[in-house]
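Residue numbers (the working numbering), protein chains in the order written: chain P, 128 to 330; chain A, 128 to 330. Glycine included, every Cβ here is placed at the ideal spot set by N, Cα and C.
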DNA sequence: ACTTGATTTAACCGTGCGGTCAAATATACA
DNA sequence: TGTATATTTGACCGCACGGTTAAATCAAGT
């Protein structure tokens, strides 16, 4: 009962996640999810009351993958350079494993951004920690003077952007050669922190 | 006749652009465009045969704004540092004027990326020029060794990302204070090239 | 075996979508 | 002014959407 219950629910969630990730909320129909899950459309409404409820669950799940190590990495006692290396490595690898996530999140954040920010805070992701960590490093003279918000956005942007713009970039840069683009992304795990640290390290 | 014609067509285009930019292709209905344009829904089909045709026109128009100065900037005989400054300044300013463009383009590129790349090439945007320009600078020893593709993606990403992620970033960093976020974006016009040039300049 | 409650199905509902069409109106020219 | 042509409208179509419901099926306890 409960076992079968969990299983059905998970089958639905998995199918819904795939379709929502690919097509976004508006582009997805309950029928398509039901087909992919191999069951009747009514069953989706039996387990999740509405398309909206189903989506909220999926979206929070996906978004949650972004959050947890955010603060953790920045609260360690390692150097800022190592933190940036760890951050880049961890998040780029995660997005290599889940390449549709960035576009999906960027696409859907405009719908209800506030609830997302609230969810973030509930999960314990406090960006102030990161801002503070950067500020401290500047005061200690370990890195050059820079607006911490600018640096933080640089770091996040450099990691996420190549995934969000993949359909264009892979064609423009590599004639749509998947292998080459995968290699390009993998190299960014080292390239991004190198690029940043070169910029902020005192000469 | 032609004058009124142009006017109606432009009214439609403008309304369509606004709605499409905000809600994307799937989230937009012909009825809403007609309402915003203050006319009958059938008139949209009279001027543009279908939702798809109307969208294609809008999208190419919007996308075209991104392209023209792309190659131009990189083909001048200025230094690579100045090119990066010009690029950042021009494109960030353009996105400040059209803040919905980045999310819109990123959202819709997955639908038919190839036709976009073709359109780009038709417009004379040859990314190879930029890649070559960077390669030359490396060979001349003006900047450090770096994969030109990586540097190019860094530049573009640093410019675009803060616009694509605005709903989240403005809340996380500035408690959703529009004025503060506008200031943050304006500062990036100087901050991005400074950040990049610091990283690639030989010590 | 029978009953009870949870799960799954098929048939259906109202709504809003993109799109069509014939009639009405405005425009231009003779 | 009359007529042909371009523009604009309102009524309508078929369809697929999200969602509901009542009946069928399944699982478990007695």
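Taking a contact as a CB-CB distance under 8 Å, the pair residue 275 of chain A and residue 262 of chain A counts as one, their CB atoms being some 5 Å apart.
Residue pairing of residue 176 of chain A in beta bridges, as defined by DSSP: absent, with no partner found.
When only Cα atoms are considered, residue 141 of chain P and residue 164 of chain P end up about 8 Å apart.
Within chain A, the residues whose beta carbon sits less than 8 Å from that of residue 236 of chain P are 292, 294 and 295, listed in sequence order. Judged by DSSP in its simplified three-state form, residue 270 of chain A adopts strand. Between residue 151 of chain P and chain A, the shortest Cβ-Cβ separation is below 8 Å. Under DSSP, residue 328 of chain P forms a beta bridge with P/270. Taking 8 Å as the cut-off, the beta carbon of residue 295 of chain P is found closer than this to the beta carbon of residue 243 of chain A.
By the Cβ neighbour-count rule, residue 155 of chain A is buried, with 16 or more other Cβ atoms within 10 Å of its own. In this structure residue 200 of chain P is not in contact with residue 320 of chain P, their Cβ atoms being roughly 12 Å apart against a cut-off of 8 Å. Legend: CB atoms of the region 174-194 of chain P lying less than 7 Å from CB atoms of chain A are not found in any residue. About 13 Å separates the beta carbon of residue 185 of chain P from that of residue 234 of chain P, a gap too long to meet the 8 Å contact definition. Taken through DSSP and simplified to helix, strand or coil, residue 198 of chain P comes out as helix. Not a single CB atom of chain A sits nearer than 8 Å to the CB of residue 209 of chain P. The Cβ of residue 242 of chain A sits no closer than 8 Å to any Cβ of chain P. Going by C-alpha positions, residue 269 of chain A is about 7 Å away from residue 328 of chain A.
Neighbourhood of residue 168 of chain P in chain A, by CB distance below 9 Å: empty, with the nearest CB roughly 19 Å away. Taking the C-beta atoms as reference points, residue 252 of chain A is found nearer than 8 Å to residue 198 of chain A.
Just so you know, the alpha carbons of residue 245 of chain P and residue 160 of chain P end up roughly 28 Å apart. With its beta carbon at least 8 Å from every one in chain A, residue 225 of chain P lies outside the interface.
Annotation: residue 226 of chain A is outside any alpha helix (DSSP H) and is labelled neither H nor E by DSSP.
Chain A places a beta carbon closer than 8 Å to that of residue 277 of chain P, counting this residue as a contact. For residue 154 of chain A, the chain P residues whose Cβ falls inside 7 Å of its Cβ are 153, in order along the chain.
In this structure the region 222-229 of chain A touches the region 283-292 of chain A; the number of beta carbon pairs closer than 8 Å is three or more. Per DSSP, the continuous alpha helix (DSSP H) segment holding residue 281 of chain A begins and ends at 275-291.
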